[in-house]
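Written out below as structure tokens is the structure these notes cover.
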Amino acid sequence: MTGHLHKDDFGAKLGMWLFLFTELLLFGGLFLLYAVYLKRYPHEFAAGGTQLNWIMGTANTAILLTSSLSAAMAVTAVQRGELKRTVALLGGTVLCAACFMVIKYFEWSAKIGHGIYPGSEHLKAGAPGESVFFSLYYISTGIHGLHVMIGAALLTWIGVKVRSGEVNADNYILLENGALYWHLVDLIWIFIFPLYYLVL
Amino acid sequence: MASNAPVHHATGSSFWNDTGKTGITSWIFSTDHKRIGFLYFYSTFGFFLVGVLLGLLLRIELMAPGRTIMGPQTYNALFTVHGVVMIFLFIIPGIPGAFGNLVMPIQIGARDVAFPRLNLLSWWLYIIGAVIVLTSLFSGGGAPDTGWTFYVPFSSRTGTNVSLAVFGVFIVGFSSILTGVNFVTTIHRLRTEGMSWGRIPLFTWSLYATAWVQILATPILAITLVLVMAERIIGAGLFDPTRGGDPVMYQHLFWIYSHPAVYIMILPAMGIISDIIPVFSRKPIFGYKMIAFSSVAIAAAGSLVWGHHMFTSGMSDTAVMVFSFLTFVVAIPSAIKVFNWVSTLYKGSISLEAPMLFALSFILLFSIGGLSGLILGAAATDIHVHDTHFVVGHFHYVMFGGTAFAFFAAMHYWLPKFYGRRYAEKPAVVAWALMFSGFNILYFTMQVLGMQGMPRRYYDYLPEFANLNLVATIGSWILAAGLVIMLVNLFRGLWWGVPFEGNPWGGASLEWSVPTPPPTENFIEEPVVTHGPYDFNGVER
Amino acid sequence: MNQLPLITTTEAIDPVFMFIFGACLVLLLGITLVMLFFVLRYHRSRSPQPTSQADGNLWLEIVWIVLPTLLVLAMFWYGWKEYLVLRTVPKGALPVTATARMWSWEFTYEGGKTAPKLYVPVGKPVRVELVSKDVIHGFFLPAFRVKRDVVPGMSNYAWFVATKPGSYDLFCSQFCGTQHAAMVTTVEALPEKDFAEWLEHGPGGEDKGAHLDGKQLATAKGCLACHSLDGSKGVGPTFRGLFTSQVTVMKDGKSLVVTADDAFLKESIRLPAATIVDGFPPIMPGNPDMPDEQVTALVEFIKSVK
Amino acid sequence: MNEHHHIVSYSKLIAIWLILLALTALTVAITRVNLGGYKVLGALVIACVKSGLVIAVFMHMKYEGRLLRWLLFLALVTLAVFIGLTFFDVLYR
Ligand code: HEA
Ligand code: HEA
Ligand code: CUA
Ligand SMILES: [Cu+2]
Chain G
286 MTGHLHKDDF GAKLGMWLFL FTELLLFGGL FLLYAVYLKR YPHEFAAGGT
336 QLNWIMGTAN TAILLTSSLS AAMAVTAVQR GELKRTVALL GGTVLCAACF
386 MVIKYFEWSA KIGHGIYPGS EHLKAGAPGE SVFFSLYYIS TGIHGLHVMI
436 GAALLTWIGV KVRSGEVNAD NYILLENGAL YWHLVDLIWI FIFPLYYLVL
Chain B
18 MASNAPVHHA TGSSFWNDTG KTGITSWIFS TDHKRIGFLY FYSTFGFFLV
68 GVLLGLLLRI ELMAPGRTIM GPQTYNALFT VHGVVMIFLF IIPGIPGAFG
118 NLVMPIQIGA RDVAFPRLNL LSWWLYIIGA VIVLTSLFSG GGAPDTGWTF
168 YVPFSSRTGT NVSLAVFGVF IVGFSSILTG VNFVTTIHRL RTEGMSWGRI
218 PLFTWSLYAT AWVQILATPI LAITLVLVMA ERIIGAGLFD PTRGGDPVMY
268 QHLFWIYSHP AVYIMILPAM GIISDIIPVF SRKPIFGYKM IAFSSVAIAA
318 AGSLVWGHHM FTSGMSDTAV MVFSFLTFVV AIPSAIKVFN WVSTLYKGSI
368 SLEAPMLFAL SFILLFSIGG LSGLILGAAA TDIHVHDTHF VVGHFHYVMF
418 GGTAFAFFAA MHYWLPKFYG RRYAEKPAVV AWALMFSGFN ILYFTMQVLG
468 MQGMPRRYYD YLPEFANLNL VATIGSWILA AGLVIMLVNL FRGLWWGVPF
518 EGNPWGGASL EWSVPTPPPT ENFIEEPVVT HGPYDFNGVE R
Chain Y
2 MNQLPLITTT EAIDPVFMFI FGACLVLLLG ITLVMLFFVL RYHRSRSPQP
52 TSQADGNLWL EIVWIVLPTL LVLAMFWYGW KEYLVLRTVP KGALPVTATA
102 RMWSWEFTYE GGKTAPKLYV PVGKPVRVEL VSKDVIHGFF LPAFRVKRDV
152 VPGMSNYAWF VATKPGSYDL FCSQFCGTQH AAMVTTVEAL PEKDFAEWLE
202 HGPGGEDKGA HLDGKQLATA KGCLACHSLD GSKGVGPTFR GLFTSQVTVM
252 KDGKSLVVTA DDAFLKESIR LPAATIVDGF PPIMPGNPDM PDEQVTALVE
302 FIKSVK
Chain W
988 MNEHHHIVSY SKLIAIWLIL LALTALTVAI TRVNLGGYKV LGALVIACVK
1038 SGLVIAVFMH MKYEGRLLRW LLFLALVTLA VFIGLTFFDV LYR
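Residue numbers (this note's numbering), protein chains in the order written: chain G, 286 to 485; chain B, 18 to 558; chain Y, 2 to 307; chain W, 988 to 1080.
Set out below in structure tokens:
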């Protein structure tokens, strides 16, 4: 406990965790809505779930888990001073993020092509619960996708700093925090995946 | 002008000039917590004046039944903007942003907050959000007319510019979250040597509790606002009953944030009062631990009671019971505080200077507001007064009589410290007296009107309510007169008044041990704390 | 005739008010007086130095935690118990449906009679089913301490009993748009005989098939709250000169110009969301199950506004 | 701040990753067979285990002090309470 304005790695990490809590609660609001509407429309939700492409969902889950692995390994690498490897691992994470977004793109465009999007005629005509399901699906995955992009940008920026040596074995809190953020993105998806794709 | 131009640094070098930088950029890009504190102070206070002006217009319209000065659409827009400005642009960021930033780091012996640049970003986000809110008034379909609660389905249908306003509030919410993150980290990490949790001044304790509410509740508001935008822009239909949505779920989400938010508003105010009363009684605060604990208890229990805004909404009766019960639980820690404040006066040596007058009237006004909250918390009685002017009276008592009066107390108590000059005492007391009486005439009358059944958000009313509405409007003018006198006197004093040096109030917490005004990094030497914040032994006055 | 339930809503609620107000008054007076006394007694002029440095007292703390807790628990319990009275409709209550739309009320009785005011028999409990056609409204009867939101898609209800004949205010308590404050009508409590008489022949009801006055209907249905007759722009387009005029509308996301003929007017009344007039928000409540005669009467009325 | 930093080995991270993939496969498997209402429950339990692993190892929570763990717990409890209290309405309406 000191009043100095010197570097406080633990303080920075504490701040990051606090911020992650807010992200958790943000998605928490959506999960709250999901829970309520699942209770009200179990059948419509099951019907909606079967229309989602579980193979793409599973693939994306695996991709995100892998990206998380490489982000975690990047932290280990930087702690060990293996800067080249750190950059490569971060690159891996960002690559995974890109794959994730590409798959997401195909998924969304397929659904939209079938006339399933918020406010579409198809959904207006269908059962009420189904429209709720898909709106929640689009909003949840949409905001999650936004987080994927922000996270990828963040990690890219950090990667540049690793290369320039600004982030190194003695000063890697930035990378640690970036990785924390990335893991949160993964965490959210761990819940989105079964709730939307597998509730059959 | 040159001779009596503002010379803030009556005693030489201070944060006003010691960095050698001047001009607007030395403020809006500064990471010094005191400069950011002043940015917040002037911007939130500016919005307060805007809000107050709108409130005054509302009262003029309600002076007599029928159309007085505006049509219904204008009136609806006005109370919406009045509510949004007061809540999101003044009262939530106000005390933490202004006085939290100014005082809290010094109180714990730190040179700045944990993340100074994030702090600056918070202010920028706040300003950007505020500008977006203001833009929404003059663009698109015009000023939003939904009330500050943005209830669906009305808010998803109205042609006014709700989406943009909601987006602005979203940004402001983000700023609030960052302030919360910053303050919790600061209080955990940057306490100086000897500043144990049991020696933290109660103002800082209250900010700590507040910051947690900001962190844990504000994200729910953020997602709620995103959903309102989704309803309007992509037609998500999540709250649209014709497509399976449930409008009452919107209310849940909204109040999950907005009830805890009322404690974001009041807790820092209570902290200010807990700091001022001991100083002007020259006695340690009574029950330090209970007051600190009750701040945390209010923050915790306050997160569980949101349903009391929805007793008539068609929510289940079981939920009515649970939320009514929890509402009463949260009244207890508030009662603890009130009793402890009053006991602090016992056998003290009380000086009735302006900060103390505001602090004492806070206790009364907050008690009236809080006790009327008990009427609202009981299921049977809330049904009658819900959505009437009784509720309007209730929340003005707690928000204006509570938080804003505490804000005024803090202005008289701390601002001289940062300016090195002070206001004149007599006019301050006169202003206080006018405000106190005008306030009660205005809002007590509103509560009576509510008991008689006058609904809120009514542009026009039945003739039977006419007399009391006129009384209330007259009260608002008395209040306004007091406010103007207070402001003129205060700012005249701060800019051109007599010097305020050393520790004239005789405070014992750390902010009174640094030079007046403080230098940029507050402490020349890192302080070591050896006694509590209310230990007045050896403090001269 | 005497079907008075055991307890009326007013009788149930008012004692709770008395109890809580009473307790609050005692507390407030107590706190104020103690504070005033301390401030005067220990003012610096009388007490230049503090005479105590006490900073806490465990027993006092316990007392003022426990006593308020008991007090508020009593308030909670009493409030909850009497709330249940509001939720428990006495047997044999007269069913009425209140339909709220922007910005008017319509009350429908068994047998289909409708009225813009809520006529009720004195002494007989009334159960009001609350239906909203558009946004959330609030059904508020101050005289009976009754309030319940009228939420679209949700079946809410309220009950009350008038013990004396007379006219009582009925407000919309939940903000619902521009004319929220004008969504005011009354409860007309009539002696049972007069009520039966009214239900048979009285004014206010338009039985299906009876001759219809378009203007009266437009007032009763709340059309005139949004549509002016004098050409001024209100919440909706004016009716003046509307018939046969050229109107720019949005249909299925496309903009087109149509002529306001019979069919267009009928559709606009039944399903206003199908075509949205340019420059107006899509807020007009639909009337999909309005009887044909009424729609025709409204169209005839609109035609007559030149 | 000279705290002791725990370095998590690559092999440990990879092991966790493999477990996570296996759990993903398990989730898919149990939701493909007919388990009725237990499906949601099972899928959620597995998701909780997975997120527990990510938090503990990938996010180093296992190696952090008490403070962060308490705070995380606080955040999760808050979310649970928000959802739980809402269900007093949803379940009894
Ligand atoms: C600063 C803001 C603030 C604060 C602190 C409070 C504090 C409280 N509020 Fe208030 N409230 C609002 C701001 C606030 N409120 C706003 C803005 C609204 C309206 C929103 C809208 O619809 O637009 C509202 C509406 C509102 C409602 C909904 C009314 C309705 O719409 O029908 C309810 C219902 O329970 C309520 C209750 C309470 C209670 C029980 C407290 C308690 O915390 C009060 C505790 C305080 C005391 C009890 C007094 C002090 C203690 C003593 C004097 C000692 C003796 C006491 C005892 C023995 C108990 N409030
Ligand atoms: C902090 C919060 C706060 C504050 C301080 C105020 C202050 C005031 N409010 Fe407030 N009010 C709200 C928050 C607040 N309000 C909220 C949240 C709502 C609900 C909105 C909704 O329903 O959605 C509301 C609603 C509301 C209504 C109800 C509208 C309705 O339901 O129909 C009314 C009606 O009278 C009203 C009036 C006033 C008045 C007269 C003031 C007085 O403060 C004004 C006193 C006036 C002065 C003190 C003016 C003096 C100053 C000047 C003239 C300028 C000074 C100039 C210089 C310095 C040069 N307010
Ligand atoms: Cu209908 Cu207000
Ligand atoms: Cu509340």
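The beta carbon of each residue, even a glycine, is placed where N, CA and C say it ideally should be.
Under the Cβ distance rule, P472 (chain B) counts among the residues neighbouring chain Y, one pair being separated by less than 8 Å. Contact between the segment 122-130 of chain B and the segment 496-515 of chain B is not established, with fewer than three Cβ pairs separated by less than 8 Å. Annotation for A297 (chain G): the continuous alpha helix (DSSP H) segment containing it runs 294-325. Short note on H325 (chain B): C-beta not closer than 7 Å to any heavy atom of ligand 2. At least one beta carbon of chain G lies nearer than 8 Å to the beta carbon of V198 (chain B). Counted as a single uninterrupted DSSP element, the beta strand (DSSP E) harbouring N157 (chain Y) occupies residues 157-161. Excluding five sequence positions before and after F141 (chain Y), the CB atoms of its chain that fall closer than 6 Å to its own CB belong to K148, F172, S174, given in chain order. Scanning chain G for C-beta atoms nearer than 9 Å to the C-beta of P236 (chain B) yields F306, T307, E308, L309, L310, L311, F312, G313, G314, reported in chain order. In this chain, the beta strand (DSSP E) harbouring G167 (chain Y) covers 167-173. In the DSSP assignment, E130 (chain Y) is bridged to Y:T98, Y:Y158. For F342 (chain B), no beta strand (DSSP E) segment is defined; the enclosing uninterrupted segment is the alpha helix (DSSP H) at 334-362. Three or more Cβ pairs closer than 8 Å define a contact, and the segment 1026-1038 of chain W falls short of that threshold against the segment 390-402 of chain G. For M87 (chain B), no beta strand (DSSP E) encloses it, and the DSSP letter there is neither H nor E. Not one beta carbon of chain W lies nearer than 8 Å to the beta carbon of V433 (chain G). At least one heavy atom of ligand 2 lies closer than 7 Å to the C-beta of M103 (chain B). Distance from the C-beta of P89 (chain B) to the nearest heavy atom of ligand 1 is not below 7 Å. Counting along the chain, V279 (chain B) sits inside the alpha helix (DSSP H) bounded by residues 264-298. Straight through space, the alpha carbons of L388 (chain B) and M338 (chain B) are spaced by roughly 19 Å.
The CB of T1065 (chain W) comes closer than 7 Å to the CB of L233, S320 in chain B, given here in chain order.
In the DSSP assignment, I217 (chain B) forms no beta bridge with any residue. When rounded, the separation of the alpha-carbon atoms in G333 (chain G) and L315 (chain G) is 17 Å. Following the DSSP letters along the chain, one finds E542 (chain B) in no alpha helix (DSSP H), marked with neither H nor E. Counting along the chain, the unbroken alpha helix (DSSP H) around Y466 (chain G) starts and ends at 458-477. At least 8 Å separates the CB of F1060 (chain W) from every CB of chain B.
Nearest neighbour of V243 (chain B) by Cα position, chosen from G:I475, G:I435, G:D471, G:S425, turns out to be G:S425. In the three-state DSSP reduction, H181 (chain Y) falls in the helix class (H, G or I).
Under the 8 Å criterion on CB atoms, G154 (chain Y) is classed as interfacial with respect to chain B. Distances from the CB of F141 (chain Y) to the heavy atoms of ligand 3 are all 7 Å or more.
Residues of chain B whose Cβ lies closer than 8 Å to the Cβ of K409 (chain G) are, in chain order, R260. Beta-bridge partners assigned by DSSP to M251 (chain Y): Y:S256, Y:I277. Judged by DSSP in its simplified three-state form, A190 (chain Y) adopts strand. Counting only the Cα atoms, V121 (chain Y) lies some 16 Å from P143 (chain Y).
The beta carbons of F108 (chain Y) and A101 (chain Y) sit no closer together than 8 Å. T241 (chain B) is positioned such that its CB atom lies no closer than 8 Å to that of G164 (chain B). Between the alpha carbons of D56 (chain Y) and L459 (chain G) lies a distance of about 45 Å. Taking the CA atoms as reference points, P166 (chain Y) sits about 16 Å from T186 (chain Y).
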